[in-house]
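Q:
Protein chains: 2
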Amino acid sequence: MELITIRELYREKEKFIGKEITVGGWVRSIRDSKAFGFIVLHDGTYFETLQIVYHDTMENFAEVSKLNVGSALIIKGELVATPDAKQPFEIQAVSIEIEGASQADYPLQKKRHSLEFLRTISHLRPRTNTFQAVFRVRSLIAYAIHKYFQDRDFVYVHTPLITGSDAEGAGEMFQVTTLDLEKIPFTPEGKVDFKEDFFGKATNLTVSGQLNGETYAMAFRNIYTFGPTFRAENSNTTRHAAEFWMIEPEIAFADLKDDMALAEGMIKFVIRYVLENAPEEMKFFNEFVDKGLLERLTHVMNSDFGHVTYTEAIELLEKNNDKFEYKVSWGSDLQTEHERYLTEEIYKKPVFVTDYPKDIKAFYMKLNEDNKTVAAMDLLVPGIGEIIGGSQREDDYDKLTARMDELGLKKEDYDFYLDLRRYGSARHAGFGLGFERCVMYLTGMGNIRDVVPFPRTVNNCEL
Amino acid sequence: MELITIRELYREKEKFIGKEITVGGWVRSIRDSKAFGFIVLHDGTYFETLQIVYHDTMENFAEVSKLNVGSALIIKGELVATPDAKQPFEIQAVSIEIEGASQADYPLQKKRHSLEFLRTISHLRPRTNTFQAVFRVRSLIAYAIHKYFQDRDFVYVHTPLITGSDAEGAGEMFQVTTLDLEKIPFTPEGKVDFKEDFFGKATNLTVSGQLNGETYAMAFRNIYTFGPTFRAENSNTTRHAAEFWMIEPEIAFADLKDDMALAEGMIKFVIRYVLENAPEEMKFFNEFVDKGLLERLTHVMNSDFGHVTYTEAIELLEKNNDKFEYKVSWGSDLQTEHERYLTEEIYKKPVFVTDYPKDIKAFYMKLNEDNKTVAAMDLLVPGIGEIIGGSQREDDYDKLTARMDELGLKKEDYDFYLDLRRYGSARHAGFGLGFERCVMYLTGMGNIRDVVPFPRTVNNCEL
Numbered sequence: 001m002e003l004i005t006i007r008e009l010y011r012e013k014e015k016f017i018g019k020e021i022t023v024g025g026w027v028r029s030i031r032d033s034k035a036f037g038f039i040v041l042h043d044g045t046y047f048e049t050l051q052i053v054y055h056d057t058m059e060n061f062a063e064v065s066k067l068n069v070g071s072a073l074i075i076k077g078e079l080v081a082t083p084d085a086k087q088p089f090e091i092q093a094v095s096i097e098i099e100g101a102s103q104a105d106y107p108l109q110k111k112r113h114s115l116e117f118l119r120t121i122s123h124l125r126p127r128t129n130t131f132q133a134v135f136r137v138r139s140l141i142a143y144a145i146h147k148y149f150q151d152r153d154f155v156y157v158h159t160p161l162i163t164g165s166d167a168e169g170a171g172e173m174f175q176v177t178t179l180d181l182e183k184i185p186f187t188p189e190g191k192v193d194f195k196e197d198f199f200g201k202a203t204n205l206t207v208s209g210q211l212n213g214e215t216y217a218m219a220f221r222n223i224y225t226f227g228p229t230f231r232a233e234n235s236n237t238t239r240h241a242a243e244f245w246m247i248e249p250e251i252a253f254a255d256l257k258d259d260m261a262l263a264e265g266m267i268k269f270v271i272r273y274v275l276e277n278a279p280e281e282m283k284f285f286n287e288f289v290d291k292g293l294l295e296r297l298t299h300v301m302n303s304d305f306g307h308v309t310y311t312e313a314i315e316l317l318e319k320n321n322d323k324f325e326y327k328v329s330w331g332s333d334l335q336t337e338h339e340r341y342l343t344e345e346i347y348k349k350p351v352f353v354t355d356y357p358k359d360i361k362a363f364y365m366k367l368n369e370d371n372k373t374v375a376a377m378d379l380l381v382p383g384i385g386e387i388i389g390g391s392q393r394e395d396d397y398d399k400l401t402a403r404m405d406e407l408g409l410k411k412e413d414y415d416f417y418l419d420l421r422r423y424g425s426a427r428h429a430g431f432g433l434g435f436e437r438c439v440m441y442l443t444g445m446g447n448i449r450d451v452v453p454f455p456r457t458v459n460n461c462e463l
Numbered sequence: 001m002e003l004i005t006i007r008e009l010y011r012e013k014e015k016f017i018g019k020e021i022t023v024g025g026w027v028r029s030i031r032d033s034k035a036f037g038f039i040v041l042h043d044g045t046y047f048e049t050l051q052i053v054y055h056d057t058m059e060n061f062a063e064v065s066k067l068n069v070g071s072a073l074i075i076k077g078e079l080v081a082t083p084d085a086k087q088p089f090e091i092q093a094v095s096i097e098i099e100g101a102s103q104a105d106y107p108l109q110k111k112r113h114s115l116e117f118l119r120t121i122s123h124l125r126p127r128t129n130t131f132q133a134v135f136r137v138r139s140l141i142a143y144a145i146h147k148y149f150q151d152r153d154f155v156y157v158h159t160p161l162i163t164g165s166d167a168e169g170a171g172e173m174f175q176v177t178t179l180d181l182e183k184i185p186f187t188p189e190g191k192v193d194f195k196e197d198f199f200g201k202a203t204n205l206t207v208s209g210q211l212n213g214e215t216y217a218m219a220f221r222n223i224y225t226f227g228p229t230f231r232a233e234n235s236n237t238t239r240h241a242a243e244f245w246m247i248e249p250e251i252a253f254a255d256l257k258d259d260m261a262l263a264e265g266m267i268k269f270v271i272r273y274v275l276e277n278a279p280e281e282m283k284f285f286n287e288f289v290d291k292g293l294l295e296r297l298t299h300v301m302n303s304d305f306g307h308v309t310y311t312e313a314i315e316l317l318e319k320n321n322d323k324f325e326y327k328v329s330w331g332s333d334l335q336t337e338h339e340r341y342l343t344e345e346i347y348k349k350p351v352f353v354t355d356y357p358k359d360i361k362a363f364y365m366k367l368n369e370d371n372k373t374v375a376a377m378d379l380l381v382p383g384i385g386e387i388i389g390g391s392q393r394e395d396d397y398d399k400l401t402a403r404m405d406e407l408g409l410k411k412e413d414y415d416f417y418l419d420l421r422r423y424g425s426a427r428h429a430g431f432g433l434g435f436e437r438c439v440m441y442l443t444g445m446g447n448i449r450d451v452v453p454f455p456r457t458v459n460n461c462e463l
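Sequences listed follow chains L and Z, in order.
Numbering-wise (UniProt numbering), the first sequence opens with residue 1 and increments by one.
Numbering-wise (UniProt numbering), the second sequence opens with residue 1 and increments by one.
(1) Does any residue of chain L have a CB that is nearer than 8 Å to the CB of Pro249 of chain Z?
(2) For Phe134 of chain L and chain Z, any beta-carbon pair shorter than 8 Å?
(3) Lys114 of chain L CB to nearest chain Z CB: under 8 Å?
(4) Just to confirm the assignment: which complete beta strand (DSSP E) runs, minimum length 3, are found wholly within the stretch 336-405 of chain Z?
(5) Run through the DSSP bridge pairs and tell me what Arg31 of chain L is partnered with.
(6) In three-state terms, what does DSSP make of Ser425 of chain L?
(7) What is the DSSP secondary structure of Lys183 of chain L, counted as helix, strand or coil?
(8) Taking the DSSP output, what are the residues bridged to His55 of chain L?
(9) Taking 8 Å as the threshold (beta carbon to beta carbon), is Pro126 of chain Z in contact with chain L?
(10) Would you give the residue range spanned by the alpha helix (DSSP H) that Glu63 of chain Z belongs to?
(11) Is it the case that the stretch 344-355 of chain Z contacts the stretch 295-311 of chain Z, given that we only count it when at least three CB pairs across the two stretches are under 8 Å?
(12) Can you name the residues that DSSP bridges to Ile91 of chain L?
(13) With 7 Å as the C-beta to C-beta threshold (strictly closer), list the residues of the stretch 81-97 of chain L near chain Z in chain order.
(14) Chain Z partners of Thr45 of chain L, CB-CB under 8 Å?
(15) Could you have a look at Ile314 of chain L and say whether DSSP puts it in helix, strand or coil?
(16) With DSSP as the reference, please indicate the residues paired to Trp26 of chain L in a beta bridge.
(17) Which stretch, first to last residue, makes up the beta strand (DSSP E) that contains Asn222 of chain L?
(18) Kindly give me the distance between the Cβ atoms of Val64 of chain L and Gln51 of chain L, rounded to whole angstroms, as I take these residues to be in contact under 8 Å.
(19) Rounded to whole angstroms, what's the CA-CA distance from Asp193 of chain L to Cys461 of chain Z? Just pull it up for me.
(20) Is it the case that the stretch 130-141 of chain Z contacts the stretch 273-284 of chain Z, given that we only count it when at least three CB pairs across the two stretches are under 8 Å?
(21) Pick from Z:Met301, Z:Asn302, Z:Leu297 and Z:Asp333: whose alpha carbon is nearest that of Ile314 of chain Z?
(22) Name the DSSP bridge partner or partners of Lys156 of chain L?
(23) Identify which residue in L:Tyr364, L:Gly444 and L:Gln392 has its Cα closest to the Cα of Asp405 of chain L.
(24) Please go through the same chain and pick out, in chain order, the residues whose beta-carbon is closer than 8 Å to the beta-carbon of Asp259 of chain Z, but skip the five residues on each side of it.
(25) Around the Cβ of Leu288 of chain Z, are there at least 16 other Cβ atoms within 10 angstroms (buried) or fewer (exposed)?
(26) Can you grab the Cα-Cα spacing for the pair Leu124 of chain Z / Leu67 of chain Z, in whole Å?
(27) Report yes if the C-beta distance between residue 536 of chain Z and Glu386 of chain Z is below 8 Å; otherwise report no.
(28) Are the C-beta atoms of Thr215 of chain L and some chain Z residue less than 8 Å apart?
(29) Can you pull the chain Z neighbours of Ser51 of chain L, defined as C-beta to C-beta under 9 Å?
(30) Compare the beta carbon distance of Lys411 of chain Z and Leu367 of chain Z with 8 Å and say whether it is the shorter of the two.
(31) What does Pro453 of chain Z touch in chain L if you count any residue whose Cβ is under 9 Å from its own?
(32) Quick check on this structure: which residue in L:Tyr143, L:Val157 and L:Gly25 has the alpha carbon closest to the alpha carbon of Gly100 of chain L?
(33) My guess is that Met246 of chain Z and Ile271 of chain Z are in contact by the Cβ rule of under 8 Å, so how many angstroms apart are they, rounded?
(34) Short of 7 Å Cβ to Cβ, which residues in the stretch 12-42 of chain L face chain Z?
(35) Check the DSSP bridge columns for Ser102 of chain Z and list the partner residues they point to.
Laid out in C-alpha cells, this is it:
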C-alpha cells in the first residue's frame with residue numbers, strides 16, 4: 001500500500017504540505033462535535049501523533065465518530081500547516097476507511113496505565129507511549145552496537161545456545177531435552193540415560209558465549225557475539241531475567257587497556273547514536289521516567305572514564321564503611337551499594353575498577369605479577385553500578401592449567417580451550433555487556449521486565 | 001597494542017610503504033635458507049596474507065626458523081613495495097617477537113584438509129581460508145540484514161526463545177526444564193508436576209517468533225526479528241540443524257505484494273552488500289567452492305524476480321512429471337526437485353510462487369476469495385529451492401477463528417493473537433528467512449554444518 005508515514009511527514013514536511021496524501025494508523029483518541037471531529041492518529045513509525053480533522057460532509061461521519069480507541073484507519077486528505085497549533089500540521093480528511101474497528105473493551109483506553117498492569121498485556125503494551133519509546137530505543141541500541149563493531153571490522157559470531165558443557169555451574173542452567181519426562185530412561189546404574197536424548201548427552205542453555213568466542217578471536221582477531229543467554233536463577237528482582245541478551249566482544253593481540261578503551265568507545269558511541277536517532281523518545285524518558293537522564297548521558301558521553309584498581313577502591317570505600325549495609329575489606333566482592341558509591345559519589349562519572357583478587361573472579365582471567373590479583377575490569381556507571389565486566393584472559397598454558405587444578409576444574413572438559421594456548425597463543429581480552437541492563441541505563445527504566453518484549457522470570461513465561 | 005592490521009595495509013598501502021610498522025598475526029607457513037627466511041602471516045583481519053622477510057642478522061633467527069605453523073608473532077619492520085611479486089608488498093623484518101609458539105602436533109598443517117575433518121575441530125577451523133571466508137561473510141550478511149531493515153526504520157524485536165505455548169507441534173520442540181530428571185515430580189493424576197518447574201509450567205524452545213512479532217507489527221507497523229530458533233527434528237541432512245537463526249519481518253498496512261517487494265529488496269541488498277564488502281572472499285568461493293556463484297548472484301541482483309501462482313506452477317510442472325521422483329498435482333506440496341525445476345529450468349531466476357492451497361499451509365494465512373487458496377508466497381532461488389516463506393496474515397476475526405475451529409486449534413491458546421483482530425486489526429504480512437540457508441546460498445557452501453560456527457545436529461553438540 002502506498003501510505004505516507006508520520007515519520008516521513010515530520011522528516012520532510014515541505015514535500016507534503018498542501019498535497020493530498022494517504023496515511024494509515026491507529027486511533028489514540030477521537031472526539032466529535034456536531035459538524036466535525038478530531039482524531040489523534042498514531043502509525044507506529046514515529047513517536048509523535050498526527051491530528052486528523054474530519055467533517056460531516058463525509059458519508060461515514062457518524063460511523064467514524066462512534067469508533068473506539070485503538071481502531072485502525074486509512075485516511076486520505078490534504079496535509080495542512082498549522083503554524084499556530086502545538087502540532088506543526090494536520091490532515092483535513094477527504095475520506096476515512098475503517099481498516100479494523102476496535103472493541104469497546106479495548107484495555108488501552110486514553111488514560112495512564114501502571115507499568116504493572118501493562119505487564120499483564122505484553123502483546124498490547126507496545127502501543128503505549130512508554131513502550132513505543134522503550135522498544136524503539138532498544139532496537140536502536142542493538143543496531144548501534146552492531147554498527148560500532150562492524151565499522152571496526154569485527155566479525156559477528158553466533159555462539160551456540162544449546163551447550164553440552166556442564167562445566168559452568170550447572171545448578172543455574174536450564175536443561176534442554178527431548179526425553180519424555182513421564183518416562184525418563186535410566187541406565188543400569190540408575191542414572192538418566194542421555195544416550196536416548198536428542199544430542200546423546202545432557203545439554204543445557206548457555207550462560208555465556210565467551211569461551212566459544214575466544215576460539216574465533218584467535219582466528220579473526222576481533223570478534224563479538226550478540227545473542228541470548230539464560231540463567232535459571234531463582235531471584236525475583238528488578239534486574240534479573242531468566243532469558244536476556246548479551247554482547248561479548250573478544251580481541252586478540254590486546255590487553256586490558258585495549259579492552260577498556262573498546263568498552264568506553266562502545267558506550268559513548270551507543271549513547272550518541274540513540275540521542276541522534278531517537279531524540280523524541282529520549283526527551284520523553286527525561287520528562288516522564290528519569291528526570292536527570294539526558295544530563296547524565298551527555299556527561300558520560302563527554303567524560304573520560306575513571307580508572308581505579310580494586311585495591312585503591314577498597315581503601316576509598318573502607319573510609320565510608322559506616323554508610324554501607326555490607327562493610328568492605330580487601331577480598332570482598334563489591335555490592336551494588338559500593339559500586340554506586342564509587343561511581344556516583346567519588347568519581348561522579350563512569351569508572352573502571354581493575355585488578356580484582358583472583359579468588360572472586362573466574363579461572364580464565366590473567367594472573368597479574370603480584371600473583372594475587374587478575375587483570376579484570378568492571379565498568380561502573382552512575383544510576384546502575386556494574387554494566388560491563390571483562391578481563392584479559394590467561395594466555396599462558398601452564399598458569400591456566402595450574403589455576404584450573406587449584407579450582408578442581410577438569411582439563412578434559414576444556415581441551416578445546418587449552419588448544420588455544422597450545423597453538424599460537426596470543427594475549428587477548430574481552431568483556432560482557434548485559435544488553436537489557438544497557439537498555440535500562442539508556443532509558444532510565446527501572447525494571448528489566450519493562451525493557452524485554454516478553455520477559456521470562458521465575459513462574460512467568462507468558463505468550 | 002598499536003598494531004597495523006593487514007586490512008589497513010591493503011586499504012591504505014600508500015600510507016605505510018617505506019614506513020616501519022608493527023604487525024601481529026599467526027604463521028601460515030615458514031621457510032628459511034641459510035641467511036634469511038620467509039614467513040606468510042595471517043592476522044585474521046583480512047583474507048589475504050602478508051609476507052615477512054627476515055634475516056640471520058636477527059638475534060633470534062634460529063629460534064624463529066624452528067617455529068611451527070600456527071605460531072603467534074609480533075613483527076616490526078619496514079613495509080616495502082614489491083611491484084614484481086604476486087603480493088603488492090612485504091615486510092623486511094627488524095625484529096620478531098614470539099607471542100605464542102605452536103606445538104608440532106598442530107592439526108592445521110599447510111595442506112588441504114577435508115571439510116569433514118575440519119568439522120571435528122570446530123574451534124580451530126576458522127583459521128583456515130575456507131572458514132575465514134565463510135564466517136566473515138556470515139557476519140557481513142547478518143549486518144546487511146540489520147542495515148536493510150534499520151535503514152527503513154523497522155524496529156528490531158527480540159521475541160522470546162523460551163516459550164510456554166505448546167500449541168505448535170510440540171513433538172518437534174526441545175523441552176526446557178529445571179526439574180531434576182532423576183526425580184521428576186508427579187501430580188496425583190500421574191502427570192509431570194510442572195508447578196515445581198522454573199516457570200511453573202511446561203516450556204519449550206521456540207520454533208518461530210512470528211506470532212509474537214505480529215503483536216509488535218500492530219504497534220510499530222514495521223518490525224523484524226533476528227534470533228535463534230530450534231527444531232528437534234530427527235533429520236540428518238545437509239540442510240537441517242537443531243539450532244539455527246531466523247529473520248522474520250512483519251509489516252502492517254501491507255499485503256502480499258508489499259511482502260514480496262520487501263523480500264526481493266532484501267535479497268538484492270544483501271547480495272550487493274556482500275559483493276562490495278567481501279570481494280576477496282566471494283572470489284575465493286567462486287574459484288574453490290562453487291564455480292558459477294558470482295555469475296548467479298549478479299544475475300539475481302539484476303533480475304526482476306518472477307511471479308507465478310501455485311495453480312499455474314502446478315500446470316507447468318505437471319507437463320514435466322516424467323522428470324520428477326514425486327509426481328505433482330493440484331494440492332500436493334512442492335518438493336525441492338519441483339522448486340528447483342521452476343526456478344532453474346523454467347524461470348532461470350528467483351521466482352515467487354503464490355496462493356497455495358490452504359490445506360498445505362498454516363492456519364494464520366489469509367484466505368483468498370476463492371475460499372481454496374491462501375495469500376502465501378514462497379521465494380525459490382536457483383541452486384537451493386525455497387529460501388523464504390511468507391504470507392499475508394488472516395486479519396479477519398471470524399475467518400481466523402473459523403479456520404482454527406476447522407483445524408481443531410483451541411482459541412484460548414491464542415487469545416493474545418486474536419486480540420490483534422479484536423482491537424484495530426489491519427492487513428499485515430511477513431516472511432521468514434532461514435539465516436543459514438541464506439549464508440549457504442551466498443557462499444555456495446553445501447552443508448549447513450559448515451556455515452554454523454558450532455553446529456548442533458542429532459547426536460552432535462560439541463563445544
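Ideal Cβ positions, reconstructed from N, Cα and C, are used throughout, including at glycine.
Nothing here was measured: the structure is a model prediction, and the numbers come from that model.
A: On the basis of the coordinates in this document:
(1) By 1-based counting over the second sequence, the position of residue 249 of chain Z is 249. No, Pro249 of chain Z lies away from the interface with chain L (no Cβ there is under 8 Å from its Cβ).
(2) Here residue 134 of chain L corresponds to residue number 134 of the first sequence, with the count starting at 1. Checking the sequence, you will find Val at residue 134 of chain L rather than Phe. Not an interface residue.
(3) The residue labelled residue 114 of chain L in the question sits at position 114 within the first sequence. The residue you asked about is not Lys; residue 114 of chain L is Ser in the sequence shown. Not one chain Z Cβ lies under 8 Å of Ser114 of chain L.
(4) 351-357, 373-381 and 385-392
(5) What you label residue 31 of chain L is simply residue 31 of the first sequence in a count that begins at 1. Per DSSP, L:Phe38.
(6) Taking the first sequence and counting its residues from 1, the one referred to as residue 425 of chain L is at position 425. It is coil, neither helix nor strand.
(7) Taking the first residue of the first sequence as position 1, residue 183 of chain L is located at position 183. Lys183 of chain L falls in the helix class under three-state DSSP.
(8) Taking the first residue of the first sequence as 1, we reach residue 55 of chain L at position 55. L:Phe36.
(9) Your numbering for residue 126 of chain Z matches position 126 in the second sequence. Yes, Pro126 of chain Z lies at the interface with chain L (some Cβ there is under 8 Å from its Cβ).
(10) Counting from 1 along the second sequence, the entry for residue 63 of chain Z is found at position 63. Per DSSP, Glu63 of chain Z belongs to the alpha helix (DSSP H) from Phe61 to Ser65.
(11) yes
(12) Position 91 of the first sequence, counted from the start, is the residue given in the question as residue 91 of chain L. Ile91 of chain L pairs with L:Ile52 and L:Leu79.
(13) none
(14) Residue 45 of chain L sits at position 45 when you count from the first residue of the first sequence. Neighbours of Thr45 of chain L on chain Z, chain order: Asp153, Phe220, Arg221 and Asn222.
(15) Reading the first sequence from its first residue, position 314 is the one you call residue 314 of chain L. Helix.
(16) Position 26 of the first sequence, counted from the first residue, corresponds to residue 26 of chain L. Answer by DSSP bridge pairing, in chain order: L:His42 and L:Ala72.
(17) Counting from one through the first sequence, the residue named residue 222 of chain L turns up at place 222. Counting along the chain, the beta strand (DSSP E) containing Asn222 of chain L begins and ends at Asn222 to Phe230.
(18) Taking the first residue of the first sequence as 1, we reach residue 64 of chain L at position 64. Taking the first residue of the first sequence as 1, we reach residue 51 of chain L at position 51. At roughly 15 Å, the Cβ-Cβ gap does not stay under 8 Å, so Val64 of chain L and Gln51 of chain L are not in contact.
(19) Sequence index remark: in the first sequence, residue 193 of chain L carries index 193 (1-based). Sequence index remark: in the second sequence, residue 461 of chain Z carries index 461 (1-based). Between Asp193 of chain L and Cys461 of chain Z, the C-alpha separation is close to 16 Å.
(20) yes
(21) By 1-based counting over the second sequence, the position of residue 314 of chain Z is 314. Out of Z:Met301, Z:Asn302, Z:Leu297 and Z:Asp333, Z:Asp333 has the C-alpha closest to the C-alpha of Ile314 of chain Z.
(22) Taking the first sequence and counting its residues from 1, the one referred to as residue 156 of chain L is at position 156. According to the sequence provided, residue 156 of chain L is Tyr. The question's Lys does not apply to it. Looking at the DSSP assignment, Tyr156 of chain L forms a beta bridge with L:Tyr224.
(23) Numbered from 1 along the first sequence, position 405 holds the residue referred to as residue 405 of chain L. Ranking the options by Cα distance to Asp405 of chain L, first place goes to L:Tyr364.
(24) If you number the second sequence from 1, residue 259 of chain Z lands on position 259. Excluding residues within five positions, the ones whose Cβ falls inside 8 Å are Ile251, Met377, Gly390, Ser391, Gln392, Ala429, Gly430 and Phe431.
(25) Counted from its first residue, the second sequence places residue 288 of chain Z at position 288. Reading off the sequence, residue 288 of chain Z comes out as Phe, not Leu. Exposed, by the Cβ-count rule.
(26) Locating residue 124 of chain Z in the second sequence gives position 124, where the first residue counts as 1. Locating residue 67 of chain Z in the second sequence gives position 67, where the first residue counts as 1. C-alpha separation (whole angstroms): 18 Å.
(27) There is no way to answer for residue 536 of chain Z, as the model of chain Z reaches only from 1 to 463.
(28) What you label residue 215 of chain L is simply residue 215 of the first sequence in a count that begins at 1. Thr215 of chain L counts as touching chain Z.
(29) Locating residue 51 of chain L in the first sequence gives position 51, where the first residue counts as 1. The sequence as given places Gln at residue 51 of chain L; Ser does not occur at that position. Per Cβ cutoff of 9 Å: no residues; Gln51 of chain L is ~18 Å from chain Z at best.
(30) Position 411 of the second sequence, counting from 1, holds the residue named residue 411 of chain Z. Position 367 of the second sequence, counting from 1, holds the residue named residue 367 of chain Z. For Lys411 of chain Z and Leu367 of chain Z, no; Cβs fall outside 8 Å.
(31) Along the second sequence, one-based indexing puts residue 453 of chain Z at 453. Those are Val157, His158, Thr159, Pro160, Asn212, Thr215 and Tyr216, listed as they occur along chain L.
(32) As a working mapping, residue 100 of chain L is identified with position 100 in the first sequence. Looking at the Cα atoms, L:Gly25 is the closest of the given residues.
(33) Locating residue 246 of chain Z in the second sequence gives position 246, where the first residue counts as 1. Locating residue 271 of chain Z in the second sequence gives position 271, where the first residue counts as 1. The Cβ separation is near 19 Å, so there is no contact.
(34) Gly24 and Trp26
(35) Along the second sequence, read from residue 1 onward, the residue named residue 102 of chain Z stands at position 102. Paired residue(s): L:Tyr423.
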